[in-house]
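In order, the protein sequences belong to chains A and B. Under the numbering used here, the first residue of the first sequence carries the number 17, and numbering increases by one thereafter. Under the numbering used here, the first residue of the second sequence carries the number 17, and numbering increases by one thereafter. The beta carbon of each residue, even a glycine, is placed where N, CA and C say it ideally should be. Just so we're clear, the structure is a prediction, and the values are computed from it rather than from any experiment. To start, the structure under review is shown below, and the notes come after it.
2 protein chains.
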Amino acid sequence: MKVDYGNLVEVKTKDKIYRGILIPRAEVIPGNYLVLKLANGYNVGISKREVKKIKLIKKVKRKISFVKKIELKKDLPIVSVLSTGGTISCKVDYITGGVYPALSADEIIENIPEITNFADIRAREIMKVPSEDMNPRLWRRMAREVVKELNSEAEGVVITHGTDCMHYSSAMLAFMIKNLNKPIVFTGSQRSSDRGSSDAFQNLLCSIIACANGKIAESMICMHAGIEDNFNFLLRGVKARKMHTERRDAFRAINCLPLAKVYPNGEIKYSEEIYNERKRGNVKLDDRIDERVALVYFYAGQKPDILDFYKSEGYRGIVIAGTGLGHVATSFKGYSWISKMRELSKKEIVIAMTSQCLYGRVHPFVYTPLRKISMLANVIYCEDMLPEVAYCKLMWVLGKTKDPIKIKEMMLTNYVNEITKVTNPNAFLI
Amino acid sequence: MKVDYGNLVEVKTKDKIYRGILIPRAEVIPGNYLVLKLANGYNVGISKREVKKIKLIKKVKRKISFVKKIELKKDLPIVSVLSTGGTISCKVDYITGGVYPALSADEIIENIPEITNFADIRAREIMKVPSEDMNPRLWRRMAREVVKELNSEAEGVVITHGTDCMHYSSAMLAFMIKNLNKPIVFTGSQRSSDRGSSDAFQNLLCSIIACANGKIAESMICMHAGIEDNFNFLLRGVKARKMHTERRDAFRAINCLPLAKVYPNGEIKYSEEIYNERKRGNVKLDDRIDERVALVYFYAGQKPDILDFYKSEGYRGIVIAGTGLGHVATSFKGYSWISKMRELSKKEIVIAMTSQCLYGRVHPFVYTPLRKISMLANVIYCEDMLPEVAYCKLMWVLGKTKDPIKIKEMMLTNYVNEITKVTNPNAFLI
C-alpha cells in the first residue's frame with residue numbers, strides 16, 4: 017500500500033503497532049526503513065521488511081506559513097544571531113522531508129513577534145552541525161565569525177547551537193576571544209520547534225534580550241531555568257553543563273550561581289556573582305590552540321595503559337576527570353597510574369586533574385596518594401574547573417607555550433572566571 | 017631546629033608561612049618533606065629545602081583514648097560492620113604517624129554509644145584500600161565476605177568504604193549477590209574522624225540503624241542528606257553518585273528518589289520509591305564477571321581512535337558516556353565514530369551507550385545520527401543507567417554469556433532496580 021508522507025498512519029509489525037505521521041528519512045540509512053513521527057514528538061525507524069500492514073488513519077493537511085512583514089520600532093539595539101545547527105534550527109517539512117535552512121531574521125520575528133520590542137535582528141547561518149560534531153576547526157571558525165560581529169555595531173551575539181556540547185563551545189569561545197566587550201549568548205532547544213512544548217522561542221527571545229539590554233560581557237548560555245516557562249537562566253559559559261538528557265531546564269550552573277534570570281518581558285535580574293561588564297574597544301581573536309589534548313574519565317578498575325596510547329599518538333596534554341579531590345588508582349601493580357604519569361611528565365606531556373564529581377574543587381594536599389601524584393608526576397590540579405573546561409583551556413594554553421612552568425601557571429590563572437576562588441556554598445545542585 | 021611531631025609549629029618558606037601540627041609523613045615521598053596538618057583539617061607537604069625557619073608555637077599534649085567496656089542491651093539485632101578502608105578508617109596518630117587498623121567493635125561503640133540502643137555490632141576488617149583503588153578482584157573478595165555475613169544471623173551488613181568510588185562498589189555488589197535478603201549499606205566519611213566536622217559517626221550510626229531496623233533489602237549507600245547533621249539519606253546503590261568533592265552531603269540519588277531518610281534517633285522515613293524488601297532464604301554469590309570492559313567518556317573533538325586501542329587490547333565491552341540522549345560524533349571524516357563502532361560490533365565487542373548528562377535517559381530514536389548508531393553499530397542504549405553502573409553491569413553480563421542477543425537482552429533487563437521505567441520528575445538535582 018502506498019501512503020503519502022505527511023499523513024497519520026498505523027504501521028503493524030510482527031510484535032508491535034506504531035501510530036504516527038509518516039515522514040521521509042532525512043539521511044542515508046542503508047536498507048529500507050520507514051520513519052514515523054510519534055505523538056510524543058519522537059521519531060521511530062521501522063525496517064520495511066518487518067512491516068506487515070500500513071493503514072491510513074487520517075490525511076493531514078499541509079500547513080503553509082507565510083512570512084509577514086512586521087514594522088520595526090526605531091532605534092532598537094542591533095543583535096546578531098549566528099546559527100550553527102542543532103535542534104533549534106531543525107524544522108522538518110513533513111511533505112518534502114527537506115530540512116529548512118537556518119531561521120532567517122524574518123522567520124524569527126514572525127515566530128517571536130515580541131522581539132520587535134527589544135532588538136533589531138541580523139541573522140545568518142555560519143555552519144550547520146549537530147553539537148556533538150563540534151571540533152577545534154569549527155570552534156575556530158565560530159570564534160572568527162563572532163569576533164566580526166562583536167567588532168560591528170551589534171550590541172551582542174546570539175549563537176544558536178545544539179545543546180549536547182553547547183558548554184564545550186561556550187567554554188572554548190570564552191578563551192578564544194580576548195577583551196570581550198559585549199555579551200555572547202549561546203542558546204538552543206531541547207524540544208524541536210515543531211513541538212508544542214518547544215523551548216526554542218523563549219530561549220531565543222531571552223537570549224536576544226540578554227544581548228540587547230544585558231550588562232554582562234561574557235560567553236554565556238541562556239536556557240530554561242525550570243520546567244515552567246517563567247524565565248531563563250543566564251549561565252557562565254565556563255561554569256555550566258548539560259545535566260539532563262531531555263528536560264528543558266537541563267543546563268545548570270556548576271560551582272557558581274546563575275549570573276542572571278532573564279524574563280520574556282525584558283526584565284533581567286542579576287545574581288550576586290561578580291561578572292565582566294560591557295566595555296568599549298574591540299575584541300581580538302586569540303584562537304591558536306594545540307588540538308593534541310585528550311580528556312580521560314578515570315574509573316575504578318581502569319588500567320593506566322590508556323596513557324601509553326595517548327603518548328604513542330603524540331598527544332601533548334591529558335585532562336583527567338579523577339575521582340573525588342582528584343584521585344586515580346595508585347596502590348596495586350597493573351593498576352597504579354603513578355609510574356605512567358611520571359613517564360608522561362618526563363616526555364613533557366602535561367597532565368591536568370579535574371573531578372568527575374563535577375561539583376567542588378580538586379585539592380592535591382589532603383591525601384597521601386594525591387601528594388604523590390602532584391609531586392611526582394607534576395600533575396596540575398585545576399581547582400574548581402569542570403573537566404570539559406580544563407580540556408578547552410589546556411588546548412588553548414598549549415597553543416601559546418611549551419614551557420611546563422608557564423603552562424602550569426597559565427592553567428592556574430583565572431582568565432574568564434573559569435576558576436572561582438571561593439565557591440558560593442549555595443552553588444550545589446541548583 | 018628540631019621539633020617533635022605532634023606540636024603546633026609555624027614553618028616559614030621563601031613565599032609563605034604555614035601554621036599547623038607537625039605530623040609524620042605516612043608514605044614514602046622521595047626527597048625531604050615536612051607535613052603539617054592545617055587548622056582546616058587538611059595536610060600540606062613542604063619541601064625541606066624551601067624551609068627557612070620552623071618555630072614551635074605550642075606543645076600539644078598527646079591524647080590517649082581508653083576503650084571503655086559498655087554494657088549491651090539484651091536481644092538486639094546483630095549487625096556486621098566490614099571495613100574496607102577509606103577516610104572513615106583513617107585515624108592518624110600524630111605521634112607515631114602510624115595509621116590505626118580498622119575500628120574495632122569496641123572502638124565504634126566507644127565513639128558512638130547510641131549504637132547500644134539499636135544493635136549488637138560485629139566488626140572486622142576485610143581489606144584496607146582507598147576506594148579509587150578498587151578493582152574486580154577486590155569486588156569479588158568484598159562480595160564473598162558480604163555473602164558470608166548475609167547468610168549468618170546478622171540482620172544486615174554495613175560496609176565502611178572510601179567515598180570516591182563507593183558508588184562503583186555499591187553497584188558491583190548489587191549485581192554480584194543474588195536473592196538479596198537483607199540490607200547491605202555502604203558508608204564512609206568526607207571528613208576524617210579526627211576533625212570536629214567529621215561525618216563518620218552519624219554516617220555509621222544511621223547505617224547501623226538501617227541494617228538493624230530497615231525494611232529495604234538492597235545494596236545501598238547511607239550518607240549525610242544535607243549540610244546540617246539532621247538525618248542521612250539511604251540511596252539505592254545503583255542509582256547514586258558522589259556529586260561533590262568535599263561536601264558531607266556529596267552523595268545524591270540520580271534518576272530516582274532517595275529510598276529513605278534515616279535519623280540518628282532510630283527513625284526511618286521511607287519515600288514513595290518501590291524497593292526490594294527483606295526476605296527469608298540465603299543469598300548466593302554470583303561473581304563471574306569479565307573484566308575486559310572499558311568506560312569511555314566522549315567529548316567534542318574526540319577522535320574515535322580510542323576504540324582501536326581497546327580493540328587491540330582485547331576488550332570485550334565498551335561503555336560510552338555519550339552526550340545528551342547518547343550521541344558521539346558522526347559527521348566529519350577523522351572524527352566520525354560510526355565506522356569504528358561497526359568494526360567493533362563485527363568483532364563482537366559490545367558497545368553500550370549511557371549519557372554524560374548523568375540525569376535522564378538515553379534514547380536512540382530521536383535523532384537521525386542516533387538511529388544510525390543504534391542500527392548500524394548494534395549499540396545498546398542503556399535507558400537511565402549511570403555510566404558507572406552500566407560499566408559494572410556489562411562486566412557482570414559478559415561473565416555470563418557471549419551471545420550478542422542475550423547480552424543486549426540482559427543489559428536491558430532490570431535486575432536490581434538499575435533501570436527505572438518512568439523516572440520520577442522530582443528526581444533531578446535533589
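The beta carbon of HIS260 of chain A falls within 8 Å of a beta carbon belonging to chain B, placing the residue at that interface.
Secondary structure of ASN292 of chain A (DSSP, three-state): coil. In this chain, the alpha helix (DSSP H) harbouring GLU126 of chain A covers 121 to 127. Secondary structure at TYR407 of chain A: helix, using DSSP grouped into helix, strand and coil. If you draw a straight line from the Cα of VAL344 of chain B to the Cα of VAL366 of chain B, it is about 16 Å long. For ASP324 of chain A, the secondary structure class from DSSP, reduced to helix, strand or coil, is helix. With contacts defined by Cβ atoms closer than 8 Å, ARG263 of chain B and ILE243 of chain B form a contacting pair.
Scanning chain B for C-beta atoms nearer than 8 Å to the C-beta of CYS272 of chain A yields nothing, as the closest lies near 14 Å away. Restricting attention to A:LEU414, A:TYR431 and A:ASN430, the CA atom closest to the CA of ILE423 of chain A is found in A:LEU414. About 6 Å separates the Cβ atoms of VAL67 of chain B and VAL27 of chain B, confirming a contact at the 8 Å cut-off. In terms of beta-carbon proximity, CYS181 of chain B lines the interface with chain A, with at least one pair separated by less than 8 Å.
When B:GLU165, B:LEU341 and B:MET401 are compared, the shortest CA-CA separation from GLY253 of chain B is found for B:MET401. Taking 8 Å as the cut-off, the Cβ atoms of PRO93 of chain A and GLU161 of chain A do not count as close.
At least one CB atom of chain A sits nearer than 8 Å to the CB of VAL344 of chain B. Proximity of GLY61 of chain A to chain B, defined by a Cβ-Cβ separation below 8 Å, is satisfied. Residues of chain B with a Cβ closer than 9 Å to the Cβ of GLU288 of chain A do not exist; the shortest Cβ-Cβ separation is about 19 Å. The beta carbon of GLY340 of chain B sits closer than 7 Å to the beta carbons of SER371 and CYS373 from its chain, once the five residues preceding and following it are set aside; these are given in chain order.
If you check each beta-carbon in the segment 133 to 158 of chain B against every beta-carbon of chain A, the ones closer than 9 Å belong to VAL145, PRO146, SER147, GLU148, ASP149, MET150, ASN151, PRO152, ARG153, LEU154 and TRP155. In the three-state scheme derived from DSSP, where H, G and I count as helix and E and B as strand, CYS373 of chain B is classed as coil. Across the set B:TYR407, B:TRP353 and B:ARG294, the C-alpha of B:TRP353 shows the shortest separation from the C-alpha of SER390 of chain B.
At the C-beta level, PRO152 of chain A and GLY101 of chain A stay beyond 8 Å of one another. Counting of Cβ neighbours within 10 angstroms places GLY212 of chain A among the exposed residues, the total staying below 16.
Across the structure, GLY297 of chain A and LYS194 of chain A are spaced so that their CA atoms are roughly 11 Å apart. A straight line joining the alpha-carbon of LEU72 of chain B with that of ALA241 of chain A spans about 54 Å. Contact note: SER371 of chain B reaches chain A through THR261, using a C-beta cutoff of 7 Å and chain order. If you draw a straight line from the Cα of GLY230 of chain B to the Cα of GLU169 of chain B, it is about 16 Å long. The DSSP-derived three-state label of GLU169 of chain B is coil. In the three-state scheme derived from DSSP, where H, G and I count as helix and E and B as strand, SER63 of chain A is classed as strand. Listed in chain order, the non-local C-beta contacts of CYS238 of chain A below 6 Å within the same chain comprise VAL201, THR203, CYS222, SER223, ALA226, ASN248 and LEU250, local neighbours out to five positions each way being set aside. In this structure, DSSP gives ASN248 of chain A an extended state, which the three-state scheme calls strand.
Residues ALA159, ARG160, VAL163, MET192, ILE193 and LYS194 of the same chain have their beta carbon placed closer than 8 Å to that of LEU301 of chain B, with the five preceding and five following residues left out of the count. By the Cβ neighbour-count rule, LYS53 of chain A is buried, with 16 or more other Cβ atoms within 10 Å of its own.
The C-beta separation of ARG157 of chain B from MET143 of chain B comes to about 7 Å, placing the pair in contact by the 8 Å criterion.
In this chain, the beta strand (DSSP E) harbouring MET236 of chain B covers 235 to 240.
Beta-carbon to beta-carbon, GLY333 of chain B and MET369 of chain B are separated by about 12 Å, too far to satisfy the 8 Å threshold.
Contact check for GLU404 of chain A and ALA187 of chain A: beta-carbon distance about 6 Å, within the 8 Å limit, so the pair qualifies.
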